[in-house]
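Numbering (our numbering), first residue to last: 1 to 464.
All C-beta atoms, glycine included, are put in the ideal place defined by N, C-alpha and C.
Structure record follows, encoded as C-alpha cells.
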RNA sequence: GGCGCGGUAGCAGAGUGGUUAUGCAGCGGACUGCAACUCCGUUUACGCCGGUUCGAUUCCGACCCGCGCCUCCA
C-alpha cells in the first residue's frame, strides 16, 4: 500500500517515499512552554500522532522528533510576571504538556530535543551561514540576509518583492537590518535575560534557528516530513528552509514533504488570545474524556479548518458511546497480526493523506457489523474494531471504564456503590411487579446523570 | 496590493461525471412491563449564473458570500 501525502511546497498530493529505505524521519514543531497548551496546539499533536502510528505500521523505523521551545521572550515575560525562575516555569509547563497530551492518547515522540540543550548546534549553524555569506553581524545581532537566498519564498509561494510591497508598514524596521525582510538568528541578552556565550557576545537564539539546527543535529541534513500548523508556513518554515539549505551551501534538500494542518476556530471565530476565546486542553479535560477531544479533532480532515463548538464535543461523545457500546463484553487487547477487509479499508483511507473522517466511518461500519452478529464471529469483529481504533489512537480502554467515566470538574453524581444498590432495589421491585417504584428509581438515576439499560444478562448503567 | 482556502441536508463532515458516505439530531416500526441499548425503514443536500456533456453537486468560466496569511501564533 502506498502512502500519499499533500506536500505544501508542491501544493499537491504526492506518493510518499522516504529518502532512506525502511526508515522515516519526521519533525513536528512543538510547544513554547510558557503556559498550558490550548486546543489549537493540540490539533497538530494529535494529527501527527495519527501519522506517526500509520508510518510505524509501514516502516520498521520511524524517527519522530518534536521539540520543546524553552527559550523565548514569552517565557521570559511569563516568568517575570509570576516571580518564577525561567527554568522552573518552562519545566512546569513541559510536564503539564506531557500530561495533557498523554490524556489525548498521543504517543511520546522518539526524540524531544529542548532548545536550551542545543544552543551549540545553533551557533554552529549560524557560523556556517556567516561563512557562506548568508548572514551578517550587526550591533550584537546576527541576521539572515534573505536576498542571498534565491529560493526564498518557495514554500509559502510568495515573492520577496510582493511581501515587502504589501506589508512594509508591518515589517519590523531596525537600524541593524540591511534589508527589512532579514530575520534574526541571534540577539544579545541583557544580564537579567537568559544568555549563552557566543562569537558575537552573550545572547540568545532567534526563534527559527532552533528547528533547523536540531533537525540537522538529531535527525539528518535531509528529512522526510516536517509538520506544523498552517500559521507556521510563513515565516517560520520558510526561514527554516533558508537556514537548513543555505548552511550546506544550498545543495541539499532540507525537507521532502511539508505538511500543515488547518486552523482551529472557536464557534466560527478565529481563536485568539486577545479575544479570549480559547480553551486550554487542561480545562477541557475537566469536562470531557481526553478521547472525546481526540475524536473531535479527527472528525475533520487535517488540512481543513475545524470549528470547535460544544456540539462538536457532545457529538464526539455520542459517537464514541456507540463504538464502545459495540465493544462491551469483547476482547480488550489489540492483536497486531490481525487482518480483515475493514482494516484494509481503514488503512487505505489513512494512507490517502490521512483521511481521518473516512477512517472514522469505518469504525462505525464495524460497530454496525458487530451489533448484527452473535457468538464467536461477534468476538472476532470486536477484535477487529479494537485494532481499527488503535490505528487512530482510539478505543484503548475497556467499555466499562468508558461508560463509568466522570468529569473531574464535577463529583456530584452518585458513587458506583450507590448506583449498584439502587439497581438491586429496582430489580427487586421489578420482580414484585412494582413498576412504579422501578421507574422512579430509574428516573432518579437519570436525573443524576446515570442511564440504566436492561438486558437479558441484567441491568447495565452508564454515566451521560 | 500579493498569496491561499472554503460555501454539501437541522448540525458536523466525506465523496463522486449517472448508483447509500458516516455520525449526531428528527420521524415510523421491531424489541421492552414502560424505557434505554440495538436493529429495520425513512425525511431534509450539494452558493448563484452560464458553458461542455446524453447526463454536472462533481469538469471549465464568470459572479456572490465567508475566511486566513503577508515577520508573535499550532
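Local Cβ density within 10 Å of residue i, reported as buried at 16 or more and exposed below that
i: residue 216; result: buried
i: residue 149; result: buried
i: residue 13; result: exposed
i: residue 177; result: buried
i: residue 183; result: buried
i: residue 435; result: exposed
i: residue 146; result: buried
i: residue 347; result: buried
i: residue 243; result: buried
i: residue 341; result: exposed
i: residue 245; result: buried
i: residue 46; result: buried
i: residue 387; result: buried
i: residue 187; result: buried
i: residue 349; result: buried
i: residue 83; result: exposed
For residue i, the nearest candidate out of the options (CA to CA)
i: residue 191; options: 202, 181, 238, 229; result: 202
i: residue 40; options: 464, 260, 424; result: 260
i: residue 282; options: 101, 86, 16, 346; result: 101
i: residue 383; options: 428, 432, 328; result: 328
i: residue 338; options: 69, 233, 391, 111; result: 391
i: residue 258; options: 132, 230, 95; result: 230
i: residue 455; options: 445, 423, 449; result: 423
i: residue 407; options: 284, 460, 433, 42; result: 284
i: residue 445; options: 436, 413, 431, 457; result: 413
i: residue 442; options: 35, 87, 461, 431; result: 461
i: residue 51; options: 247, 98, 393, 154; result: 393
i: residue 306; options: 287, 15, 271; result: 271
i: residue 134; options: 151, 118, 120; result: 151
i: residue 398; options: 432, 196, 118, 326; result: 326
i: residue 449; options: 458, 49, 405; result: 405
i: residue 364; options: 400, 372, 319, 343; result: 319
i: residue 8; options: 367, 263, 317, 156; result: 156
i: residue 78; options: 111, 63, 32; result: 32
i: residue 95; options: 114, 82, 83, 80; result: 114
i: residue 118; options: 76, 218, 181; result: 218
i: residue 311; options: 324, 323, 297; result: 297
i: residue 360; options: 185, 316, 370, 187; result: 316
i: residue 63; options: 81, 49, 71, 74; result: 49
i: residue 132; options: 109, 175, 247, 189; result: 247
Local conformation of residue i per DSSP, three classes
i: residue 143; result: strand
i: residue 168; result: For residue 168, the predicted structure reports a pLDDT of 47, less than 50, and the residue's modelled location is therefore unreliable. The matter cannot be settled from this model.
i: residue 111; result: strand
i: residue 131; result: helix
i: residue 455; result: strand
i: residue 27; result: strand
i: residue 16; result: coil
i: residue 7; result: strand
i: residue 38; result: strand
i: residue 402; result: helix
i: residue 203; result: strand
i: residue 62; result: strand
i: residue 222; result: coil
i: residue 2; result: coil
i: residue 158; result: coil
i: residue 413; result: coil
i: residue 352; result: strand
i: residue 137; result: strand
i: residue 481; result: The structure shown has nothing for residue 481, since the chain only spans 1 to 464.
i: residue 372; result: coil
i: residue 463; result: strand
i: residue 190; result: coil
i: residue 228; result: strand
i: residue 379; result: helix
i: residue 396; result: coil
i: residue 450; result: strand
**Segments of 3+ residues assigned as beta strand (DSSP E) that fall wholly inside the region 232 to 313** = 255 to 261, 264 to 266, 306 to 308
**Message:** Within 8 Å, do at least three Cβ pairs link the region 294 to 307 to the region 350 to 357?
**Reply:** With a cut-off of 8 Å, the region 294 to 307 and the region 350 to 357 count as touching, because enough Cβ pairs lie within range.
**Message:** Closer than 8 Å is the cut-off here; do at least three beta carbon pairs connect the region 50 to 59 with the region 17 to 36?
**Reply:** Pairwise C-beta distances place the region 50 to 59 in contact with the region 17 to 36, as three or more of them are shorter than 8 Å.
**Item:** Sufficient close CB pairs (3 or more, under 8 Å) joining the region 231 to 248 to the region 196 to 212
**Value:** yes
**Prompt:** Unbroken alpha helix (DSSP H) runs of length 4 or more, entirely within the region 310 to 338: which are they?
**Reply:** 310 to 327
**Asked** Would you say the region 319 to 337 touches the region 421 to 431, given that touching needs at least three Cβ pairs under 8 Å?
**Response** Because the criterion of three Cβ pairs below 8 Å is not met, the region 319 to 337 and the region 421 to 431 do not touch.
**Request:** Determine, using beta-carbon pairs with one atom in the region 91 to 105 and one in the region 275 to 295, whether at least three such pairs fall under 8 Å.
**Result:** yes
**Message:** Whether or not the region 375 to 382 and the region 414 to 421 are in contact is what I'm after, with contact meaning three or more pairs of Cβ atoms, one per stretch, closer than 8 Å; do they touch?
**Reply:** no
**Prompt:** With contact counted as at least three CB pairs below 8 Å, one residue from each stretch, are the region 222 to 229 and the region 119 to 132 in contact?
**Reply:** Taking 8 Å as the limit for Cβ pairs, the verdict is that the region 119 to 132 does not touch the region 222 to 229.
**Message:** Does the structure place the region 67 to 74 close enough to the region 26 to 40 that three or more beta carbon pairs sit under 8 Å?
**Reply:** The region 26 to 40 is in contact with the region 67 to 74.
**Request:** Starting from the N-terminal side, write out each stretch of the alpha helix (DSSP H) that is 4 residues or longer and does not extend beyond the region 62 to 106.
**Result:** 73 to 82, 86 to 103
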